[in-house]
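Residue numbers (this note's numbering): 360 to 620.
Listed below in structure tokens is the structure:
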């Protein structure tokens, strides 16, 4: 995710746009295709993110491979469970996290395992329990935040949001992302059965998404890398593309499970 960058050239814009269109098409295609295509996509992205997280943590090869294999096994086994017993899936994920931390002797790898695994299960839960429209709204909210932040930051510029973590992100980008997310949610509220509550919730999720973006920027700054990988041309890696979606998915799934969304 790219949150409001300062004014500059648009040389990378076309590459970003083409890759972005392809990614959106794949996401929507699998979302509407049914359970298994969507599950497989989420599983693939979870594995890719675990690989990238391990690299950012500068884990040794065997620790990286162990974490990836464990992520593949645990999330693959748990994906049928979130829409029947979400709490059981979380407990099982916690055991997997403890196992990952103990074997690799790395709390940082363990945290990444839990964070990525929980977000992946949350996305599946929301798709199965909340339905297509709610999941589509969540995705559209994050995408609108990303687009609004990018172009607001490029066009307006201004004071930096968190120069120590991500020197290109601006307050204008933050506000632009919030406004775009709220506008898209307003359309959803009028065109679907979703309540107007999603509009202020989208504004909150826009902030959450950009905090997730800053968190990943901080991780990359610590690892002294520009992107988590080069999986997606113009967008970096899976973590770069989904850094804002991860915390939003967890929040949306929690609200839906509690009956508040």
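Where is the CB? At the ideal position from N, CA and C, for every residue including glycine.
Express the C-alpha separation of residue j and residue i in angstroms, rounding to a whole number.
i           : j           : result
residue 618 : residue 488 : 11 Å
residue 634 : residue 424 : Shown here, the chain extends from 360 to 620; a query on residue 634 therefore has no answer.
residue 467 : residue 550 : 43 Å
residue 520 : residue 565 : 14 Å
residue 511 : residue 437 : 40 Å
residue 449 : residue 388 : 28 Å
residue 399 : residue 430 : 13 Å
residue 470 : residue 529 : 28 Å
residue 559 : residue 541 : 7 Å
residue 624 : residue 381 : Residue 624 lies beyond the residue range present for the chain, which begins at 360 and ends at 620; the question has no answer from this structure.
residue 620 : residue 555 : 11 Å
residue 407 : residue 420 : 15 Å
residue 538 : residue 515 : 14 Å
residue 592 : residue 600 : 11 Å
residue 583 : residue 523 : 13 Å
residue 605 : residue 611 : 10 Å
residue 422 : residue 508 : 36 Å
residue 586 : residue 433 : 26 Å
residue 573 : residue 581 : 12 Å
residue 384 : residue 484 : 21 Å
residue 435 : residue 402 : 7 Å
residue 378 : residue 372 : 10 Å
Taking residue i and residue j to be in contact with their CB atoms under 8 Å, please state how far apart those CB atoms are, rounded to whole angstroms.
i           : j           : result
residue 414 : residue 594 : About 17 Å separates the two Cβ atoms, so there is no contact after all.
residue 412 : residue 475 : 6 Å
residue 568 : residue 603 : 3 Å
residue 427 : residue 416 : Not confirmed; about 13 Å, so no contact.
residue 545 : residue 492 : Not really, about 15 Å apart at Cβ, beyond 8 Å.
What residues match up with residue i in a beta bridge as DSSP calls it?
i           : result
residue 525 : 521
Is any heavy atom of the ligand NAD found at a distance shorter than 6 Å from the C-beta of residue i?
i           : result
residue 586 : Among the components modelled here there is no ligand, and therefore nothing to report on the ligand NAD.
Is it true that the CB of residue j sits closer than 7 Å to the CB of residue i?
i           : j           : result
residue 405 : residue 465 : no
residue 616 : residue 445 : yes
residue 500 : residue 597 : no
residue 503 : residue 543 : yes
residue 494 : residue 473 : no
residue 609 : residue 452 : no
Scan the region 531-602 and note each continuous alpha helix (DSSP H) run of 4 residues or more that stays entirely inside, going in chain order. 557-582 and 597-601, all fully within the region 531-602.
Ignoring anything shorter than 3 residues or poking outside the region 458-526, list the beta strand (DSSP E) runs there in chain order. The beta strand (DSSP E) runs of length 3 or more contained entirely in the region 458-526 are, from start to end of the chain, 519-521.
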